[in-house]
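Participant:
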Amino acid sequence: MDERIEDDHVGDLMMTVTNNTPHRKTQSYSQQLGIPPIQRPNTGRKHSLDEGGIPKNIDRFYDDSSDEDLYPYGNFGGFSGRINPVGSTGERTEQLGDFLEGHSSDSSGEIRRTSLPEFIASGGGKGIFKVPIRSTIHPGQPPGLELRPHPFRETQVGGFLRTIACTETQLWAGQESGVRFWNFTDIYAPGCGVGGKARRGDEEAAPFYESAPTVPTTCLVVDAGNRLIWTGHKDGKVRSWKMDQPLDGNPFREGLSWHAHRGPVLSMVMSSYGDLWTGGEGGVIKIWPWESIEKSLSLTLEERHMAALLVERSYIDLKSQVTVNGVCSISGSDVKYLLLDNTRAKVWSAGQLSFALWDARTRELLKVFNVDGQIENRVDSSPWQDSSVEDEMKIKFVSTSKKEKSQSSISFLQRSRNALMGAADAVRRVAAKGSFGEEKRTEALVLTIDGMIWTGCSNGLIVQWDGNGNRLQDFHHHFSSVQCFCTFGASLWVGYVSGTIQVFDLEGKLLGGWVAHNSPVIKMAVGAGYVFSLANHGGIRGWSIKSPSPLDNLVRSELASKELQYRRLENVKILTGTWNVGQGRASHDSLISWLGSAATDIGIVVVGLQEVEMGAGFLAMSAAKETVGLEGSSIGQWWLDTIGKTLDEGSTFERVGSRQLAGLLIAVWVRNSLTPYVGDVDAAAVPCGFGRAIGNKGAVGLRMRVHDRIMCFVNCHLAAHLDAVNRRNADFDHIYRTMIFTRTNTAAVAVSSATQLLRATNPVSAHSEDGRPELSEADMVVFLGDFNYRLHGISYDEARDFVSQRCFDWLRERDQLRAEMKAGKVFQGMREGIIRFPPTYKFERHQAGLGGYDSSEKKRIPAWCDRILYRDSRSASVSECSLECPVVSSIFQYEACMDVTDSDHKPVRCIYCVDIAHVDESIKRQEFGEIMRSNERIRSMLEELNDVPETIVSTNNIILQNQDTSILRITNKSTKEAMFEVICVGQSTVKEDGQASEHVPRGSFGFPRWLEVTPAAGIIKPGQISEVSVHHEEFHALEEFVDGVPQNWWCEDTRDKEVILVVNVRGSYTIYRKCHRIRVRHCFPSKTLRIDSKSSDSRRFQGNVLHRADFRQLNSSCDVANDLRSLQSP
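Here my numbering is used: the sequence shown runs in plain steps of one and ends on residue 1156.
Spelled out as structure tokens, the structure:
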């Protein structure tokens, strides 16, 4: 065709590159099964090439005697169903019988194998062509609890999980449509399965409870003191949720809520004094005093509006307080992170390149410094301070623009040019600003029990800081961006954008690491003895808090022994078709002949087209569109719609993905009954024409998960011409190594809100390890297309003569592709069915029969240009379908549609019968729970690790007057490190008769403002003593803020006050703890302490006498709160 673009001028260069490729050793990984040869046909019989039809029994002309690398794999091509291994031998025998019933058998009872013999290329099984390692239980990671198995992305539109947090009894998750929670008592329970009550994507998740719909949740804080969950949202609201929700099956609703920010609430934390701090856009930080929140929580449901208004107007705007004469002391960047340092009662706020340190009690700014630890004196203006200023500027801008428009004599084109140039300059400036310090961007913060602060950067760097904001040391153990932290005891967990989790000790020593998810780890939380990790795709896994440890190997071994209980086998038929349409359009009959007639019992249909459009102008426009992320054309859409009608799209099939690059088009349709098991469709395109820039040659691909296994389909159009073998080999190598999959355009629009959570991107794919191509990580790869390999060493007349005699075995010996595959130079390790159909190129259009081969002056030699190849999970050591070899395929049909005459190529189709082994995560979770509960060795190891160190606290009664300080001593009497934390579980005022009123906790067990406890957490070495200062701070007045401005000063209540402190002590890796109660009373100097000496209540004060610690072993703060309710004060 005149308009086709052939990149011949780069041929010499490509030949030079590929000729220098080192020769690979020729070998085959096929297994010779010794099938009996089929009798050679009578080659003396002549067949006219002008016959109008092709014999339907063309297979009888096939001779395989010269094929050295055949693998007639014995898979049962006719089976379509599911095998569920069960426990008893009898049941397994019955299942096997049902399996065999789906296969034909001859009179002798032997199963007739319907799969076709295959040719296997050399060079597979090594390097980038080695199949990915799969196993029952991944040997490189601890056994994980699949709380919520990886859901398909398509099922999560509008419901992606964004963040998680744990209470003592629940795991809460913030999502795009509200919140949900799991009770820890249900974490081993099975899911409802497909067709159950759960929404798509949660069929195998443990039972959970979901809220009524809200706008997307951005952050989440646990308030254990009041048994509330506080969430920040995209609409700028803060909402509260009760932990104790009625479990009646109906969506639960929010409690107190108010509008906190003009933009989204980006971060949130509760301070050591119970105040709620929120961070927003433009450097805005607001404090919501606990006193106002407490008043609002006490109001009834009917007074909810009044309650919201009461809190909404009580905020303290920290940015306004540190702004003087329009100059702000802190950064104007978004406050993406807030961190509580409860050890010293401080709060850290952070943007991506700077930090600010605040006093949680006085709310004063202590320090501003950058990511390098250098103190900053900021002079940022504060345009966010007053919305009226912004509105006024907008009005002035609009009015000025109108005035200029009316007065200016500049032409419209000139103004447009100026606007475009200005926009381009703005883009350049923003790009330059964004790239500055990119590698230093802060992505996560955490406080460890020893009082150190750790920050993670976008380049994988981990930085340790002391509590005063001094940078101490750096650690770099991974190449990709840090996404989140989690700490428990003496360990620090780090989640990366690559899906990896690493565990460190508090000195920064790497203890272990593993690939936890095939997607970025965006959040982690500790609860019920697990560190739960949330992946960007929405999956949640639980890892033992003791990992890595010998316990992992024991659990892994026990779980692997239960494989038959949770392994499932599926069978899917896949129809793949390729056609070089030569810029033409197909008739309905042609599409029926090619696809419709073969799609009767097919589960997945994959179609690859070449030369949909090939004009020079179209190719240039396509390349330009690709640079800005656009693709597709009207003709490409016509093909999609027409094929969809052929397949009865909507009623029978659903198109799940497509990708077009210039003249290349690939699309996948899935039968409706199979769609619940297919998803995560990604697309890719690799141009190979004109210096790897134009899509006249190249490849487009689609990747998807089918029954939790990764399948890739790649449509190629390689370099043309007989002598361009090396260029074709180079094209394949380039495609295989560089194809990177991204979300398809249709999916990208739907999930764009979820991607906002992924704060850092990395050029290294999260799916590839050690630089391996993404295609190497797939369980099955299918290449289809116009590969353009020709027949060599044969003339046009000889080729036509062999075709006329159906001597395809001799023609195969002249096939360039077969020779290159046999030499291990291309499509290494891939398989192809033995060709039993005539060459598919080149034909005269609309001329039927074999007489339609090219009769022009060029007389192009007939060739098998159009091919379909594949690679599954089989290797030299494993060939049967199992969890170690999860995808095993056989070829059920491989043929060309010779009656189609709409193009100079004939369409080709191949039907695969694919066995897929996968895990029923719901059943596996049950087995996991049974192992953890009943295995004596595991229980014994857990009990050994759950020992709480023996400690002694110096007193259980403290009396303070103004400015008094009492020292609380905690002694570690054991041989192990002890971790301690001091919280305030309740406060009250003392009445005139000496009786204390009911003790009420502040937010998140915070301290009252008149009490300072430092350090409130720490580590005690064996045999050492830790001293905790309990200090009364004079606090005579309380400011009341309205709309961020102080309005009133209330005198402090001069009545005596009393609080109950609890010292929680635990070991480095224990979920249990011992709790010691300490009663602290503040007495004004003018009053005397009334003591009832006759009382026998052991909880009463006995003057200022110090008593030995009164230890009780409690499992959670819930036990403390429950015990507090029964506490009677004097």
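Each residue gets a CB set at the ideal place from its N, CA and C atoms; glycine is no exception.
None of these values were measured; they are calculated from a predicted model.
Would the segment 349-367 count as touching the segment 375-383 if we require 3 or more Cβ pairs under 8 Å?
Facilitator: Short answer: they touch.
Participant: Ends of the beta strand (DSSP E) at F918?
Facilitator: Here the beta strand (DSSP E) through F918 covers V913 to A922.
Participant: With a threshold of 7 Å on Cβ separation, who are the neighbours of A386 within its own chain once the five nearest residues in sequence on each side are excluded?
Facilitator: Same-chain partners within the cutoff: S297, S298, Y299, A371, K372 and V373.
Participant: Can you check which of these residues, Q201, V348, Y235 and D615, is closest to G217 by C-alpha distance?
Facilitator: When each option's Cα is compared against that of G217, the closest is Y235.
Participant: Under 6 Å Cβ to Cβ from D261, same chain only, skipping five residues before and after it: list those, please.
Facilitator: If we look at D261 and ignore the five residues flanking it on each side, its Cβ neighbours are V241.
Participant: Are the segment 1043-1050 and the segment 476-492 touching by the rule of at least three beta carbon pairs closer than 8 Å?
Facilitator: Taking 8 Å as the limit for Cβ pairs, the verdict is that the segment 476-492 does touch the segment 1043-1050.
Participant: Hey, how far is the Cα of I401 from the Cα of H733?
Facilitator: About 54 Å.
Participant: What are the partner residues of E858, as DSSP defines its beta bridges?
Facilitator: For E858, which the question treats as bridged, DSSP gives the partners F145.
Participant: In angstroms with no decimal places, state the Cα-to-Cα distance between G1032 and V1039.
Facilitator: Cα to Cα, G1032 sits roughly 11 Å from V1039.
Participant: For the beta strand (DSSP E) that V926 lies in, which residues bound it at each end?
Facilitator: Careful: V926 lies outside any beta strand (DSSP E) and carries neither H nor E.
Participant: Using the rule of at least 16 other Cβ atoms within 10 Å of the residue's Cβ for burial, across every protein chain shown, is F145 buried or exposed?
Facilitator: Buried is the call here.
Participant: Runs of 3 residues minimum, wholly inside the segment 218-281: which ones carry the beta strand (DSSP E) assignment?
Facilitator: Qualifying beta strand (DSSP E) stretches, in chain order: 243-249, 254-259 and 263-268.
Participant: Need the endpoints of the alpha helix (DSSP H) that R959 sits in, please.
Facilitator: Unbroken alpha helix (DSSP H) run through R959: E947 to S960.
Participant: If distances are taken between C-alpha atoms only, which option among Q591, H1102, R963 and F278 comes closest to V1008?
Facilitator: Of the listed residues, the one whose Cα sits closest to V1008 is H1102.
Participant: Less than 8 Å between the C-beta atoms of T181 and G705, yes or no?
Facilitator: Yes.
Participant: Rounded to a whole number of angstroms, what is the C-alpha to C-alpha distance between R685 and Y341?
Facilitator: Approximately 51 Å between the Cα atoms of the pair.
Participant: For S570 and Y1095, what's the separation of their Cα atoms in angstroms?
Facilitator: Looking at the two C-alpha atoms, the distance is approximately 10 Å.
Participant: Take T781 and list the residues in its own chain whose beta-carbon comes closer than 7 Å to its own, dropping the five residues that flank it on each side.
Facilitator: Its pLDDT being 34, under 50, T781 is placed unreliably in this model, and the value from its coordinates should be taken loosely. Closer than 7 Å at Cβ, skipping near neighbours: no residue.
Participant: To the nearest angstrom, report how far apart Y214 and R174 are at their CA atoms.
Facilitator: Taking the straight line from one Cα to the other gives about 11 Å.
Participant: Which residue from D249, L585 and C923 puts its Cα closest to that of R265?
Facilitator: R265 has its Cα closest to that of D249, out of D249, L585 and C923.
Participant: Give the straight-line distance between the Cα atoms of V726 and D880, rounded to the nearest whole angstrom.
Facilitator: Approximately 29 Å between the Cα atoms of the pair.
Participant: Which one or two residues does DSSP pair with G603 in a beta bridge?
Facilitator: According to DSSP, which records beta bridges pairwise, G603 is partnered with V633 and R935.
Participant: I need the straight-line Cα distance from Q167 to C512, nearest angstrom please.
Facilitator: Q167 and C512: Cα-Cα distance of roughly 18 Å.
Participant: By Cβ distance, which residues of its chain are closer than 6 Å to C891, with the 5 residues on each side in sequence left out?
Facilitator: If we look at C891 and ignore the five residues flanking it on each side, its Cβ neighbours are D812, N814 and Y867.
Participant: Assuming R1157 is part of the alpha helix (DSSP H), what are its boundary residues?
Facilitator: Absent from the structure is residue 1157, since the part of the chain shown begins at 27 and ends at 1156.
Participant: Would you tell me roughly how many angstroms separate the C-alpha atoms of P975 and A516, rounded to the nearest one?
Facilitator: In a straight line, the C-alpha of P975 is about 14 Å away from that of A516.
Participant: Between the alpha carbons of M847 and R897, how many angstroms are there, rounded?
Facilitator: The straight-line gap from Cα to Cα measures roughly 13 Å.
Participant: I need the DSSP call for I475, collapsed to helix, strand or coil.
Facilitator: Residue state, collapsed to three classes: coil.
Participant: What does V1157 pair with, by DSSP beta-bridge criteria?
Facilitator: No information on residue 1157 is available, as it lies outside the stretch 27 to 1156 that the chain covers here.
Participant: Under three-state DSSP, which class holds W1036?
Facilitator: Three-state DSSP puts W1036 in coil, outside helix and strand.
Participant: Can you tell me whether DSSP reads D492 as helix, strand or coil?
Facilitator: Residue state, collapsed to three classes: coil.
Participant: So does the segment 545-560 actually touch the segment 517-537, counting three or more Cβ pairs closer than 8 Å?
Facilitator: Contact between the segment 545-560 and the segment 517-537 is present, because at least three Cβ pairs lie under 8 Å.
Participant: Take E1060 as the anchor and find which of N755, P1034, L518 and Q1050 has the nearest alpha-carbon.
Facilitator: It is P1034.
Participant: Return the bridge partner residues of Y556 from the DSSP annotation.
Facilitator: Answer is G553 and S570.
Participant: Is it the case that the Cβ atoms of R816 and Q842 are separated by a distance below 8 Å?
Facilitator: Against a cut-off of 8 Å, the Cβ pair of Q842 and R816 comes out as a contact.
Participant: Within 10 angstroms of its Cβ, does D667 collect 16 or more other Cβ (buried), or is it exposed?
Facilitator: Exposed is the call here.
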